[in-house]
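Visitor: Going down the list, the sequences are from chains A and B.
Numbered as in my numbering, the first sequence ends at 424 without a single skipped number.
Numbered as in my numbering, the second sequence ends at 424 without a single skipped number.
Positions of the beta carbon are idealized from the N, C-alpha and C atoms, including for glycine.
Predicted, not measured: the structure shown is a model, and the values here were computed from it.
Before I ask anything, let me first share the structure, which is written out below as structure tokens.
2 protein chains.
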Amino acid sequence: MFRDRFIRGERSFHRQSRESAFQKGDLKYVILDLLKDKPRHGYEIIRELEEQSMGTYKPSPGAVYPTLQMFEDMGYTSSTERDGKKTYTITDEGLRFLAERKDSADEVRSHIKRRWSFKNVGRMAMVMKEYHALENVLGRGFRTLDAEQTKQIREILINARSEIENIIGEE
Amino acid sequence: MFRDRFIRGERSFHRQSRESAFQKGDLKYVILDLLKDKPRHGYEIIRELEEQSMGTYKPSPGAVYPTLQMFEDMGYTSSTERDGKKTYTITDEGLRFLAERKDSADEVRSHIKRRWSFKNVGRMAMVMKEYHALENVLGRGFRTLDAEQTKQIREILINARSEIENIIGEE
DNA sequence: TATAATATCTAGATATATCTTGATATATTA
DNA sequence: TAATATATCAAGATATATCTAGATATTATA
Numbered sequence: 254m255f256r257d258r259f260i261r262g263e264r265s266f267h268r269q270s271r272e273s274a275f276q277k278g279d280l281k282y283v284i285l286d287l288l289k290d291k292p293r294h295g296y297e298i299i300r301e302l303e304e305q306s307m308g309t310y311k312p313s314p315g316a317v318y319p320t321l322q323m324f325e326d327m328g329y330t331s332s333t334e335r336d337g338k339k340t341y342t343i344t345d346e347g348l349r350f351l352a353e354r355k356d357s358a359d360e361v362r363s364h365i366k367r368r369w370s371f372k373n374v375g376r377m378a379m380v381m382k383e384y385h386a387l388e389n390v391l392g393r394g395f396r397t398l399d400a401e402q403t404k405q406i407r408e409i410l411i412n413a414r415s416e417i418e419n420i421i422g423e424e
Numbered sequence: 254m255f256r257d258r259f260i261r262g263e264r265s266f267h268r269q270s271r272e273s274a275f276q277k278g279d280l281k282y283v284i285l286d287l288l289k290d291k292p293r294h295g296y297e298i299i300r301e302l303e304e305q306s307m308g309t310y311k312p313s314p315g316a317v318y319p320t321l322q323m324f325e326d327m328g329y330t331s332s333t334e335r336d337g338k339k340t341y342t343i344t345d346e347g348l349r350f351l352a353e354r355k356d357s358a359d360e361v362r363s364h365i366k367r368r369w370s371f372k373n374v375g376r377m378a379m380v381m382k383e384y385h386a387l388e389n390v391l392g393r394g395f396r397t398l399d400a401e402q403t404k405q406i407r408e409i410l411i412n413a414r415s416e417i418e419n420i421i422g423e424e
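Dropping the structure here:
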């Protein structure tokens, strides 16, 4: 159950954006957001997210179905069962919840957009693999390097970045 | 509770100079200083300090959470709970406290800087900052790049890595 | 100055919600 | 019959917060 089920208002006015969305409690916003578009059943939601993320994120049934059950308990959705599929429709109550948490929901959505809206995940995955290999090397250097060496390394990174920016920019 | 809850400025000349940074009562300044940047919850603060110190300092929950609770009691922060996370926002009262203790706070901050950079952490932190900037650029590229461009980027990263490996290796 | 009292901190145990992995069940479809 | 679509469930991992016990530093007191 949502831990904050019973929490009443009294919140601060501006909530700063956390830099890495899709943290612990965020899946419910994603799912409700999908239900806002149109009614769906659980499996459909799983597929949809897998597809939207180009296969990089496929939520587990153990996350999706209990969440839907919770929505049901809290009146955020109504459901109809047919042919073994339980289809969930968002209710006014659910819409209200989304509106109330607009900041969180927007954050999550924009994060997803940034992360997922590209076509060439496969190729990019190789790039990211190389990027993380770099991180390993940097980790090895930690604590043993002197000022001059760190300066050189930093310059290498800056150069790499500007070269990459050129490639990205020139279209 | 903060031992000096009720002291005001007149006491300040009693204060001996501290030579080792981050002494007993100093954590509160560090935390409030983080909250000045943006609202955060406890776990986030722990992670942030761990990251900023490159893993050399990770405050224990038994230090962080009671401190936040104290802030709350004294009106230095307001908090909201959502998704199981209690997010603390600094209040005017808290800002005033920081300002009032500016000397202490600055001292702590500069000692941290000195101490951490003494261990190479400061410099390495700049390297890591640059590294993460690179990640941002890569993120921008996700959407639009073709095969040739990703190949080039990957090569840039590979080159950067091997250059860095040379620097690290040659001691 | 010595000792006691108190505050702060570390380490780690405990609690709870969320999520992942993966197993199982059943119905449908190829 | 095999594969796919759909749902349920259990076990374990992780994120986050709370709490306790003990160590150490600081202040108060005798």
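1. With a threshold of 6 angstroms on Cβ separation, who are the neighbours of residue 331/B within its own chain once the five nearest residues in sequence on each side are excluded?
2. What distance in whole Å lies between the Cβ atoms of residue 403/A and residue 307/B, which are believed to be in contact at a cut-off of 8 angstroms?
3. How many angstroms separate the CA atom of residue 361/B from the CA atom of residue 279/B?
4. Check whether chain A comes within 8 angstroms of residue 407/B, counting only Cβ atoms and requiring the distance to be less than that.
5. When you check each C-beta in the stretch 377 to 389 of chain B against every C-beta of chain A, which residues fall closer than 8 angstroms?
6. May I ask you to verify whether the stretch 319 to 331 of chain B touches the stretch 402 to 418 of chain A, counting CB pairs closer than 8 angstroms and requiring at least 3?
7. DSSP puts residue 293/B in a beta bridge; with which residues?
8. Go through its chain and collect everything with a Cβ distance to residue 346/B's Cβ below 6 angstroms, but skip five positions before and after it.
9. Mind listing which residues of the stretch 332 to 352 of chain A have their C-beta closer than 9 angstroms to chain B's C-betas, in chain order?
10. Using a Cβ-Cβ cut-off of 8 angstroms, state whether residue 420/B counts as contacting chain A.
11. What are the residues that DSSP puts in a beta bridge with residue 334/A?
12. Ignore the nearest five residues each way along the sequence and tell me which others in residue 298/B's own chain have a CB closer than 7 angstroms to its CB.
13. In chain A, what lies closer than 9 angstroms to residue 295/B by C-beta?
14. Under 8 angstroms between the Cβ atoms of residue 289/A and residue 351/A?
15. Using beta carbons (cut-off 8 angstroms, strictly below), is residue 400/B in contact with chain A?
16. Give the range of the alpha helix (DSSP H) segment to which residue 318/A is assigned.
17. Leaving out the 5 sequence neighbours to the left and right, which residues in its chain are closer than 7 angstroms to residue 375/B when beta-carbon positions are compared?
18. Is there a Cβ of chain A sitting closer than 8 angstroms to that of residue 416/B, yes or no?
19. Taking 8 angstroms as the CB-CB limit, is residue 413/A close to chain B?
20. Which stretch, first to last residue, makes up the alpha helix (DSSP H) that contains residue 384/B?
21. What three-state label does DSSP hand residue 359/A in the structure shown?
22. For a cutoff of 8 angstroms on Cβ pairs, would you count residue 321/A as touching chain B?
23. Quick one, are the C-beta atoms of residue 296/A and residue 354/A less than 8 angstroms apart?
24. Indicate the three-state DSSP secondary structure (helix, strand or coil) for residue 350/A in the structure shown.
25. Would you report the Cα separation of residue 314/B and residue 335/B, rounded to the nearest angstrom?
26. Can you grab the Cα-Cα spacing for the pair residue 320/A / residue 392/B, in whole Å?
Guide: The relevant details are as follows:
1. Within the second sequence, numbered from 1, the residue matching residue 331/B stands at position 78. Result list for residue 331/B: 342 and 344, in chain order.
2. For the purposes of this step, residue 307/B is identified with residue 54 of the second sequence, where counting begins at 1. For the purposes of this step, residue 403/A is identified with residue 150 of the first sequence, where counting begins at 1. At roughly 12 angstroms, the Cβ-Cβ gap does not stay under 8 angstroms, so residue 307/B and residue 403/A are not in contact.
3. Here residue 361/B is taken as the residue at index 108 of the second sequence, counted from 1. Here residue 279/B is taken as the residue at index 26 of the second sequence, counted from 1. Distance between the alpha carbons of residue 361/B and residue 279/B: 7 angstroms.
4. The sequence position of residue 407/B within the second sequence is 154, counting from 1. Using a CB distance cut-off of 8 angstroms, residue 407/B counts as an interface residue toward chain A.
5. 377, 379, 380, 381, 383, 384, 386, 387 and 388
6. no
7. Indexing the second sequence from 1 puts residue 293/B at position 40. Partner(s): 341/B.
8. Residue 346/B sits at position 93 when you count from the first residue of the second sequence. Cβ neighbours of residue 346/B beyond the five flanking positions: 328 and 329.
9. none
10. Counted from its first residue, the second sequence places residue 420/B at position 167. Yes, its Cβ sits closer than 8 angstroms to a Cβ of chain A.
11. Counting from one through the first sequence, the residue named residue 334/A turns up at place 81. 339/A, per the DSSP bridge assignment.
12. Your numbering for residue 298/B matches position 45 in the second sequence. Answer for residue 298/B: 284, 287 and 317, listed in chain order.
13. The residue labelled residue 295/B in the question sits at position 42 within the second sequence. Within chain A, no residue comes near residue 295/B; the closest Cβ sits about 14 angstroms away, beyond 9 angstroms.
14. Counting from one through the first sequence, the residue named residue 289/A turns up at place 36. Counting from one through the first sequence, the residue named residue 351/A turns up at place 98. Cβ distance < 8 angstroms, so residue 289/A and residue 351/A count as in contact.
15. Taking the first residue of the second sequence as position 1, residue 400/B is located at position 147. Among the residues facing chain A, residue 400/B is included, as its CB has a counterpart in that chain under 8 angstroms away.
16. On the first sequence, residue 318/A is found 65 positions in, with the first residue counted as 1. It spans 314 to 327 - the alpha helix (DSSP H) in which residue 318/A sits, taken as one unbroken run.
17. Residue 375/B sits at position 122 when you count from the first residue of the second sequence. The residues are 366 and 369.
18. Position 163 of the second sequence holds residue 416/B. Yes, residue 416/B counts as interfacial toward chain A.
19. Reading the first sequence from its first residue, position 160 is the one you call residue 413/A. It does: the Cβ of residue 413/A has a partner Cβ on chain B nearer than 8 angstroms.
20. Looking up residue 384/B in the second sequence gives position 131. Note, residue 384/B: alpha helix (DSSP H), 374 to 394.
21. If you number the first sequence from 1, residue 359/A lands on position 106. Reduced to three states, the DSSP call for residue 359/A is helix.
22. On the first sequence, position 68 is the one that residue 321/A refers to. With 8 angstroms as the cut-off, residue 321/A does not count as an interface residue toward chain B.
23. Position 43 of the first sequence, counted from the start, is the residue given in the question as residue 296/A. Position 101 of the first sequence, counted from the start, is the residue given in the question as residue 354/A. Taking 8 angstroms as the Cβ cut-off, residue 296/A and residue 354/A do not qualify as a contacting pair.
24. Taking the first sequence and counting its residues from 1, one reaches residue 350/A at position 97. Residue state, collapsed to three classes: helix.
25. Numbered from 1 along the second sequence, position 61 holds the residue referred to as residue 314/B. Numbered from 1 along the second sequence, position 82 holds the residue referred to as residue 335/B. About 19 angstroms.
26. Walking along the first sequence from the start, residue 320/A turns up at place 67. Walking along the second sequence from the start, residue 392/B turns up at place 139. Residue 320/A and residue 392/B: Cα-Cα distance of roughly 30 angstroms.
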